[in-house]
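Student: Okay, handing you the structure first.
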Amino acid sequence: DAGVIQSPRHEVTEMGQEVTLRCKPISGHNSLFWYRQTMMRGLELLIYFNNNVPIDDSGMPEDRFSAKMPNASFSTLKIQPSEPRDSAVYFCASSLSGTHQPQHFGDGTRLSIL
Amino acid sequence: QQQVKQSPQSLIVQKGGISIINCAYENTAFDYFPWYQQFPGKGPALLIAIRPDVSEKKEGRFTISFNKSAKQFSLHIMDSQPGDSATYFCAASSNTGGFKTIFGAGTRLFVKA
Chain A
8 DAGVIQSPRH EVTEMGQEVT LRCKPISGHN SLFWYRQTMM RGLELLIYFN
58 NNVPIDDSGM PEDRFSAKMP NASFSTLKIQ PSEPRDSAVY FCASSLSGTH
108 QPQHFGDGTR LSIL
Chain B
6 QQQVKQSPQS LIVQKGGISI INCAYENTAF DYFPWYQQFP GKGPALLIAI
56 RPDVSEKKEG RFTISFNKSA KQFSLHIMDS QPGDSATYFC AASSNTGGFK
106 TIFGAGTRLF VKA
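Right, dumping it as structure tokens:
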């Protein structure tokens, strides 16, 4: 079975540019999570969708960040405009249902904002 | 109140030894406690998880001990192997108060051959 697929694996862009990260969850999983991992702040939950609906976006750092899940097999995390402090590894994870099921993580997108 | 405190930050263990990682939480609404293992360049992968109605769960060489009254839980890796060298994260989840999953800061384990 294919796991969670994230693209791109690496992204390097200049400050002020729009960045779009993509995620394809495991088929049949109803919940999708976006995380950010940095050395300073560790692994932080940004937003959590259930059945394509955002349930908790309290972790989204500011209005420059937005996430969508137009259907059960695709989600995007967008940063506009990007800033150097957004540099991190961004992970997408999915679970069968909710936060009390194993979350299956993708391999992440390493984002560098110059 | 939403924090999960994990220790130690790093750990070096001899092959065959026992690795012990500890976590503590404050919010009594947390009711699901997973442990994840992460290798460099990869996403975290679930290792083992426990709910607060049991005090211990064992899967192979991995055991979670849970102390509800102390609000602490720990991961024990028996007969540690070099292949266990990775970063380990504890986490806590709640279905109330915002459906949060909070991760600990991580423990970098190195098992010496």
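As they're listed, the protein sequences go chains A and B.
Under our numbering, the letters of the first sequence match residues 8 to 121, in that order.
Under our numbering, the letters of the second sequence match residues 6 to 118, in that order.
Built from N, CA and C at the ideal position, the CB exists for glycine as well.
Predicted, not measured: the structure shown is a model, and the values here were computed from it.
Can you pull the DSSP bridge partners for Lys85(A)?
Tutor: Lys85(A) pairs with Thr27(A) and Ser73(A).
Student: What residue from Phe71(B), Gly88(B), Pro87(B) and Arg56(B) has the CA that sits closest to His81(B)'s CA?
Tutor: Of the listed residues, the one whose Cα sits closest to His81(B) is Phe71(B).
Student: With 9 Å as the C-beta to C-beta threshold (strictly closer), list the residues of the segment 48 to 74 of chain B near chain A in chain order.
Tutor: Under the 9 Å Cβ criterion, the segment 48 to 74 of chain B contributes Gly48, Pro49, Ala50, Leu51, Ala54 and Arg56.
Student: Only counting the same chain, and skipping five residues up and downstream in sequence, which positions put a Cβ closer than 6 Å to that of Ser60(B)?
Tutor: Within the same chain, Ser60(B) has close Cβ partners Phe71.
Student: Beta-carbon of His107(A) versus every beta-carbon of chain B: anything under 9 Å?
Tutor: It does; some Cβ of chain B falls within 9 Å.
Student: Have a look at the DSSP bridge pairing and note the partners of Phe71(B).
Tutor: Note: Phe71(B) sits in a beta bridge opposite Phe78(B).
Student: Counting only runs of 3+ residues fully inside the segment 10 to 35 of chain B, write out the beta strand (DSSP E) ranges in chain order.
Tutor: Correct list: 15 to 19 and 24 to 30.
Student: I want to see whether chain A comes within less than 9 Å of Ser99(B), judged by CB atoms only; does it?
Tutor: With 9 Å as the cut-off, Ser99(B) counts as an interface residue toward chain A.
Student: Between Gln24(A) and chain B, is the shortest Cβ-Cβ distance under 9 Å, so that the two count as touching?
Tutor: It does not: the Cβ of Gln24(A) has no partner Cβ on chain B nearer than 9 Å.
Student: Is there a C-beta anywhere in chain B that falls below 9 Å from the one on Met52(A)?
Tutor: Correcting the residue identity first, residue 52(A) is Leu in this sequence and not Met. Cβ-Cβ to chain B under 9 Å: yes for Leu52(A).
Student: Should Ser104(A) go down as buried or exposed, given a rule of 16 or more other Cβ atoms within 10 Å for buried?
Tutor: By the 10 Å Cβ count, Ser104(A) comes out exposed.
Student: Measure the C-alpha to C-alpha separation of Asn37(A) and Pro49(B) and round it to an integer number of angstroms.
Tutor: Approximately 19 Å, taken between the alpha carbons.
Student: Distance cutoff 9 Å, beta carbons only. Does Lys10(B) sit that close to anything in chain A?
Tutor: Closer than 9 Å: no.
Student: Rounded to a whole number of angstroms, what is the C-alpha to C-alpha distance between Met83(B) and Tyr37(B)?
Tutor: C-alpha separation (whole angstroms): 23 Å.
Student: Contact check, Gly49(A) vs Phe108(B) under 8 Å by CB: the rounded distance?
Tutor: Rounded, the Cβ-Cβ distance is 6 Å, consistent with contact.
Student: Just to confirm, is the Cβ distance from Gly113(A) to Gly35(A) under 9 Å?
Tutor: Cβ atoms of Gly113(A) and Gly35(A): not closer than 9 Å.
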